[in-house]
Each structure stands twice: as structure tokens, then as C-alpha cells.
Amino acid sequence: MSLTCVALGLDHRHIYGMTENMRKIGVDCVGYWTQGDPETLVGYVKRFPDIPRLARLEDALACGADLALISAIPADRAALTIRAMQNGMDVMSDKPGCTTFEQLEQIKQTVADTGRIWSVNFSERFESPVSTRATELVEAGAIGRVIQTVGLGPHRLNRATRPEWFFQRDRYGGILTDIASHQIDQFLHYTGSKTAEITNAYVANCANPQDPGLQDFGEVNLRSENGTGYIRVDWFTPDALPNWGDGRLTILGTEGYIELRKYVDVGGVPGTDHLILVNGETCQKIDASDAGLPYFARLADDIRNRTETAMSQTHCFTVMELALYAQEMAERR
Numbered sequence: 003m004s005l006t007c008v009a010l011g012l013d014h015r016h017i018y019g020m021t022e023n024m025r026k027i028g029v030d031c032v033g034y035w036t037q038g039d040p041e042t043l044v045g046y047v048k049r050f051p052d053i054p055r056l057a058r059l060e061d062a063l064a065c066g067a068d069l070a071l072i073s074a075i076p077a078d079r080a081a082l083t084i085r086a087m088q089n090g091m092d093v094m095s096d097k098p099g100c101t102t103f104e105q106l107e108q109i110k111q112t113v114a115d116t117g118r119i120w121s122v123n124f125s126e127r128f129e130s131p132v133s134t135r136a137t138e139l140v141e142a143g144a145i146g147r148v149i150q151t152v153g154l155g156p157h158r159l160n161r162a163t164r165p166e167w168f169f170q171r172d173r174y175g176g177i178l179t180d181i182a183s184h185q186i187d188q189f190l191h192y193t194g195s196k197t198a199e200i201t202n203a204y205v206a207n208c209a210n211p212q213d214p215g216l217q218d219f220g221e222v223n224l225r226s227e228n229g230t231g232y233i234r235v236d237w238f239t240p241d242a243l244p245n246w247g248d249g250r251l252t253i254l255g256t257e258g259y260i261e262l263r264k265y266v267d268v269g270g271v272p273g274t275d276h277l278i279l280v281n282g283e284t285c286q287k288i289d290a291s292d293a294g295l296p297y298f299a300r301l302a303d304d305i306r307n308r309t310e311t312a313m314s315q316t317h318c319f320t321v322m323e324l325a326l327y328a329q330e331m332a333e334r335r
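So for the sequence shown, this note's numbering puts the first residue at 3; every next one is plus one.
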């Protein structure tokens, strides 16, 4: 069964990877709709000149696509998700998939009413080959039972190219809802936890007083019956780093540990997707760039077969719920 998709909202660059990776597995993108002319539009047209722009949202919703790819402004994603599902489409949303508890409850109800799939593309795992290799090693027992993760998600501010909504708390959802949802996903995934307790959460504007709506630093502690986790996210990537951030994940097991240096290995090996594996038998650095990105093919199979092999629906709900709760806790301080 061949599948089609349509892009709804191009406000974040993540739509590039979402579109490209679905096309790589044979899903035809029949068009895109976006509000106005976001800065990312030029890059989208350059990458995908054959994908037509649809003038009206109603046209996009009625195009008959199997899957909607949603990367609108974060606060607008839930409404588009709901309309897409009500029009018979499954949804892959950029993270965060929603920005309020009310939106999350509305999405849950729509999933229940329509039977559609709501999948949030946590790209720091799903678009990261080294994360695929780490999953394989953890599942093979290479480091024993996972008892802790430490996830670091630094990002470059790129102030000059950011749109107004980027600096508006209610539009982007807060730094923990936005960026830390990646690390919450990874904690649950690698520890094998169904849920977790947020034990501490903190956000701040440390160095950008001219933008009071921006949160440039955040951290979270969480724990489950299987382990504990620490998360740090920020907008402080220095200009000399050759990419947007030195994203890392350390996975501690009872018999060893794995470190993921996802995007850069400063002072070390060139390229991306570096994995360090240390256990009772080996101490090595592995090039994991060939590990693949199975999320996209699995999601396509789930659309065809109504299964949950890419990510369970419950996991997706839980990640966003925990991210929203962490954000709320931090802002109550």
C-alpha cells in the first residue's frame, strides 16, 4: 500500500527532515500549506521544488493524504493536529506536539474519537543514527540494566534569524516543554519506563534580559521505578562550535555505560554519531553513523497496519505530559 503525506506549517526547520525522511521510504508528499511566508519557506522550496504549495488550509485537509506532517508554530500545532485527524489523517508532529495541558487533553480525546495516530517526532532520538545503535546495545544487554540517563541539549540562539514567536513564551511553550521533551523521551525509552515523576524543574533567563519571554536555561530531575535522570537544556552554544549544539546522552547501566556524542566530537573524530561503549569486555569509540533511522519506516507500517511499532501512543502522550508538568513546576518556583 503506497502512502501519501501533506505538510501543514513550515515554521520550524524540523519540517525539512520530516519531509525528507518520509520521502526516502517512498511516501509521496502531495503538497504543503503554511501561514504566510516563514523564513524556513525558502529552504523548503529549495529542497523540495516538486512539492506544490496549497493555497488554503482547507485544500490541504481535503487532499486525501494518509499522514500530516506538522511543524507550525508550537502553540498552533495541536489545533492543526486535531483538524488533520478529524479529516482522516494520521499525524507526525514536530516537538513539542502541544504547549498546554488543555491542548493535550483535546488531542487525547480526538485520538480516542477518530482512531488516528498522533506521533511526535522526537528528532534527537528518531533522526539520530547513534541513538538507534544505543537502543540496539541496550536491548542486547551490553551495559546491563539501565539505571540512569544524563541528557544534555544545548542549542545555538541564532538571534538574527529567529521569528517573533521564538521569544514569546506562550507561543513556543517554554524551554522544558520544547527542548526537554527530547530528553524525557530518551529517559523513558532507555530505562524502559512507562512513566516518571518530575522531582525538580527549573527555568531561567540568564543572559537575555532584552527578551523577557525567552527561557535560555532549563534543567529537570526525574525518576521512575527503573532509574533516575538529569536533563539540562539551554540556548548557549558558542559561535565557534561547527553546528547548532553539542548534544550528548550518557546511559548508565549496572554493567557499563554508553555515551552518545550525537553531533560533534570536539577535539576527537570528525563527523557525527559517535558512541562510546565501556563495559567489562570493551572500552571503545564506535562510528554509529550507519545505524539508520527506523522510526520513519515503522511509522509508515503503523499507518498501514494500525500498529504501534514506531512509538506507542501512550508513550507519546506521557512524554508531552511530563514535559508540560516540568514546565509548570519550574514556573511555580
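Using N, Cα and C, we set each Cβ at its ideal position, and we do this for glycine too.
Sub-9 Å separation of residue i and residue j beta-carbons
i    : j    : result
L106 : M313 : no
I149 : G258 : no
R85  : L63  : yes
I233 : L154 : yes
R263 : V152 : no
D292 : H276 : no
R308 : L5   : no
L326 : T197 : no
L224 : A328 : yes
D96  : I17  : yes
D213 : I177 : no
G99  : I109 : yes
I53  : D92  : no
T230 : G175 : no
V113 : M87  : yes
A144 : N228 : no
Simplified DSSP assignment, three categories, for residue i
i    : result
M313 : coil
L82  : helix
N123 : strand
M94  : strand
G151 : Checking the sequence shown, residue 151 turns out to be Thr, not Gly. In this structure, T151 counts as strand in the three-state DSSP scheme.
V132 : helix
D289 : strand
S73  : strand
I278 : strand
R250 : strand
N23  : helix
A64  : coil
L139 : helix
S183 : helix
A391 : This structure does not reach residue 391, given that the chain is present from 3 up to 335, and the question cannot be answered.
T284 : coil
T239 : coil
M3   : coil
C100 : coil
Bridge partner(s) assigned by DSSP for residue i
i    : result
Y204 : E221
R234 : L154, E221
G255 : V148, G258
Y34  : A9, R55
E199 : R225
R263 : R250, H276
With 16 other Cβ atoms within 10 Å as the buried cut-off, status of residue i
i    : result
P156 : buried
T284 : exposed
E129 : buried
D61  : exposed
M286 : The question names Met, yet the displayed sequence has Gln at residue 286. Per the 10 Å Cβ criterion, exposed.
P244 : exposed
K26  : exposed
G38  : exposed
T316 : exposed
T201 : exposed
A142 : exposed
M3   : exposed
G351 : In this structure the chain extends from 3 to 335, so residue 351 is not present and cannot be described.
D241 : exposed
E166 : exposed
E221 : buried
P272 : exposed
N23  : buried
Does the region 181-200 touch the region 119-127, meaning 3 or more C-beta pairs lie closer than 8 Å? Yes, the region 119-127 touches the region 181-200.
Does the region 28-35 come within contact of the region 325-332, defined as at least 3 CB pairs closer than 8 Å? Flag = no, the region 28-35 and the region 325-332 do not touch.
Report yes or no: do three or more beta-carbon pairs, one from the region 242-249 and one from the region 262-274, lie closer than 8 Å? Yes: the two stretches touch, three or more of their Cβ pairs being nearer than 8 Å.
The region 42-50 touching the region 74-81, judged by at least three CB pairs closer than 8 Å: In short, these stretches do not touch, since the Cβ pair count stays below three.
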